[in-house]
Amino acid sequence: MTPLIELRKVSKYFGPVVSLKDIDMKVYAGEVHCLLGDNGAGKSTLIKALSGVHPPSEGQIYMEGQPVSFSSPRDALDKGIATVFQDLAMLPLMSISRNFFLGREPKRRVGPLTVYDAAFAARVAREELRKIGIDIRDPDQPVGTLSGGERQSVAIARAVYFGAKVLILDEPTSALGVKEAAVVLKYVVQARARGLGVIFITHNVHHAWAVGDTFTVLNRGRSYGTFKKAETTREKLLQMMAGGEELEALAVELDLIARKDPTPAARMEQRAAEALHEPDGG
Amino acid sequence: MAVGLPDERLQPVSLWKRLLLRPELGSIAGLVVVFLFFAVVAGGSGFLTWGSARNYLEVAAQLGILAAAVAMLMIGGEFDLSVGSMIGVAAILMALLSHPDYAGLPVSLAFFLTAGFALGVGYVNGWLVLRTGLPSFIVTLAMMFILAGANIGFTKLITKITIVSGIGEAVARDPLSPLFTGALLGLPAAVWWWLAVTAALSWVLLRTPFGNWVFGAGGDPNAARNVGVPVRRVKITLFMLTAVAATLVAAIQVMGLGSANVLQGQQKELEAVAAAVIGGCLLTGGYGSVVGAGIGALILAVVQQGIVYTNIDLDWFKVMVGGMILGAVILNNYLRKLSMQVRR
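Read top to bottom, the protein sequences are chains A and B.
Going by numbering that gives the first Met the number 0, the first sequence opens with residue 0, and the numbers climb by one from there.
Going by numbering that gives the first Met the number 0, the second sequence opens with residue 0, and the numbers climb by one from there.
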């Protein structure tokens, strides 16, 4: 099976700074591919390369086997890659239906004039949101009246409605409460069921584990590789995200200090050990 | 539920909640208050007559034409402080082009040439703003001084004075000039232009894809660009629109008076912003109403003309305008917050 999207040896440099180095990654239709990594691991740079915000410095992106390059986010969108950015790209004071269709307004001809088909927009927005379990009575209400999770879901529904093949979600659950995050995760699964390839960026292993099929772990701009769910465990992923060997080295160092001065350092070591096993609150 | 069936739950959205979502709600309330105030204070001394209504409608019309375009621009996230100076430039240019001692062209041709020049100025404004990435406030502030100064400079070079008069005859000869100087159903042409411009721009804003782009370009240019809105083109178009609106106001003034003055239109840029803001436009863009701006213009005109019928000294007009701007913005802010709390 040809991957929907494939990255081969993709690197990105900003002047002397190496943000990404030799990233290989394959995303197939109907899978949720989680991109994991701590802050600064290069997740954002990678999605920016995939979504057309800035092209990679080296390497090649393939879509369904063909080499592609994106000149802009709109270009990537037209080729079937929709990105739901962290800052949402939604206008809080604009109505839900207008947000839904911004940039791709439905048109209707009235005599010689081409007008915005508000009735169609309202109907489709309501239907699409109903499909994902958000029941809005009035599609004319401003997006600002929706909760964070609902806004994420609207953005996802929009991408799906406009025929995206690949859906990139940038930290969709990071600013949400537990229940809200669950709603978004549910929709991630629905998008997969529709045959989309979903790239789910997160630093929350629990959210990733709940919906992910494959996992790629980034650390300091490099990939630790891609793992199928059956091949790994949540703990292994966590350890890789935190930078595996580095933490082991730290543990040894702390151990040395502890021998010199047992009391405070031991406490420190204990805290570090706790952090290793439960570094993520939720 | 099948697509297309009416949703029975659409009914329960109360009129009040729907009204709250309208940006011009505050300005309508303001208009009622201001009108009632003058009706009570000056009703006996002629405020409620047809002559008085004609007066404030005429004043509102000229400001309203400008405010409609300025509101569109503000919703699109930009400012144009040069629009007042543009009125003066357009007036002088039109007068020079049609004056028998200078270019001597037909008045209507002079109007179209001036409109073409205004489109150029608007384009330069927009291009500079987008090219430099500077706030349009600064760029058009500079343009305001440049236009006003160049207007005086060139006019004095050409005519030795700062007034171009004596085109009344040329205006009377032109078959198109009644469009600017005539009257219909007892109302001057300016009022009809105002209604037409407001209706047209409001329709564009609310009923066309371009209108949606205006909201998008003003609300969050980056987000809008990411989903494919041609933000640059939208903003430049809006700058060109305000300059043309200034030309229209200049045409009404010049053809009505038969002369042009370099000082024409001064401070109109701020009055237009005031009208737009009273009408519910946000300074930050992405929100507002063209109809609201028209109501804002009407409020300012009612105050300006109404004060004549009271025994309040005219000097206090600006104090009232300032108070109203402040009051309107606070009210609009409050109503907008309220509308965001209206949940399903």
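Ideal Cβ placement from N, Cα and C applies to all residues, glycine included.
State the DSSP-derived secondary structure class of Ser135/B, mapped to helix, strand or coil. Note: Ser135/B maps to helix in three-state DSSP.
Which of the three DSSP states is assigned to Pro187/B in this structure? In the structure shown, the three-state DSSP call for Pro187/B is strand.
CB-CB length for Ala249/B against Met93/B, believed under 8 Å: The distance from the Cβ of Ala249/B to that of Met93/B is about 6 Å, consistent with a contact at the 8 Å cut-off.
DSSP three-state label for Thr161/B, please. DSSP places Thr161/B in coil when its eight states are reduced to three.
In chain order, what residues of the same chain have a beta carbon less than 7 Å from the beta carbon of Val186/A, not counting five sequence neighbours either side? For the record, residue 186/A in the displayed sequence is Tyr; it is not Val. Excluding sequence neighbours, Tyr186/A sits near Ile131, Ser152 and Ile155.
Going by DSSP, what residue range makes up the beta strand (DSSP E) through Lys11/A? Ile4 to Phe13
At the 7 Å Cβ level, is Gly75/B part of the contact set with chain A, yes or no? Chain A contact via Cβ: absent.
Rounded straight-line distance, which links the Cα of Gly76/B to that of Ile160/B: 39 Å
CB contact flag (Ala425/B, Val69/B, <7 Å): Outside the shown range of chain B (0 to 343) lies residue 425/B, about which nothing can therefore be said.
Given a limit of 7 Å on CB to CB distance, which residues of the region 203-229 of chain B reach chain A? Arg206, Thr207, Pro208, Gly210, Asn211, Phe214, Gly215, Gly218, Asp219, Ala222, Ala223, Asn225, Val226, Gly227 and Val228
For Phe214/A, count neighbouring Cβ atoms within 10 angstroms of its own Cβ and tell me buried if that reaches 16, exposed if not. buried
What separation, rounded to the nearest whole angstrom, lies between the Cα atoms of Arg343/B and Arg150/A? Its pLDDT being 42, under 50, Arg343/B is placed unreliably by the model, and the measurement read from it follows with that caveat. Taking the CA atoms as reference points, Arg343/B sits about 14 Å from Arg150/A.
Given that Gly285/B touches chain A, what residues does it touch there, using C-beta distances under 8 Å? Leu90, Leu92 and Met93
Give the range of the beta strand (DSSP E) segment to which Arg61/A is assigned. Looking at the sequence itself, residue 61/A is Tyr, so the reference to Arg does not match. Taken as a continuous stretch (DSSP letters only), the beta strand (DSSP E) holding Tyr61/A covers Glu57 to Met62.
For a test of the three-state rule: what should DSSP assign to His206/A, helix, strand or coil? helix
Out of Ile311/B, Asn332/B, Ile329/B and Ile306/B, which has the shortest C-alpha to C-alpha gap to Asn54/B? Ile306/B
With 16 other Cβ atoms within 10 Å as the buried cut-off, status of Ala182/B: exposed
If you follow the alpha helix (DSSP H) that Ser84/B is in, where does it begin and where does it stop? Val82 to Ser97
Taking only beta-carbon atoms, is Met339/B less than 7 Å away from chain A? yes
Own chain partners of Ala330/B with C-beta closer than 8 Å, once the 5 adjacent residues on each side are dropped: With the sequence shown as reference, residue 330/B is identified as Leu, and Ala is not the correct amino acid for it. Excluding residues within five positions, the ones whose Cβ falls inside 8 Å are Gly25, Ala28 and Gly29.
For Leu76/A, which residues in chain B fall below 9 Å Cβ to Cβ? Asn225, Val226 and Gly227
Exposed or buried, His206/A, counting other C-beta atoms within 10 Å across all chains shown (16 or more means buried)? buried
Going along the chain, which residues of its own chain have a beta-carbon closer than 7 Å to the beta-carbon of Ser51/B, five neighbours each way excluded? Gly45, Gln304 and Tyr308
Where do the N-terminal and C-terminal ends of the beta strand (DSSP E) with Ser44/B fall, by residue? Careful: Ser44/B lies outside any beta strand (DSSP E) and carries neither H nor E.
The beta strand (DSSP E) enclosing Arg224/B, as first and last residue numbers: Where Arg224/B is concerned, there is no enclosing beta strand (DSSP E), although the alpha helix (DSSP H) it sits in stretches over Pro220 to Asn225.
Using C-beta distances below 6 Å, list every residue in its chain close to Ser71/A, excluding the 5 sequence neighbours before and after it, in chain order. The answer, listed in chain order, is Gly51.
Beta-carbon of Thr1/A versus every beta-carbon of chain B: anything under 7 Å? no
Rounded C-alpha distance that separates Thr113/A from Ile157/B: 46 Å
Where does Asn38/A fall in DSSP's three states? The answer is coil: DSSP assigns Asn38/A none of H, G, I, E or B.
Pick out whichever of Ile256/A, Glu57/A and Phe161/A has its Cα sitting closest to the Cα of Val123/A. Phe161/A
Beta-bridge partners of Asp169/A, as assigned by DSSP: Ile200/A
Could you name the residues of the same chain whose beta carbon sits closer than 8 Å to that of Leu313/B, not counting the 5 residues immediately before and after it, in chain order? Ile306 and Val307
Identify whether Ile80/A lies in helix, strand or coil by the three-state DSSP scheme. strand
Under a CB-based cut-off of 7 Å, is Leu128/A close to chain B? no
For Leu325/B and Ala216/B, I'd like the C-alpha separation in whole angstroms. 26 Å
Output yes if chain B places a C-beta closer than 7 Å to the C-beta of Glu104/A; else output no. The C-beta of Glu104/A comes closer than 7 Å to at least one C-beta of chain B.
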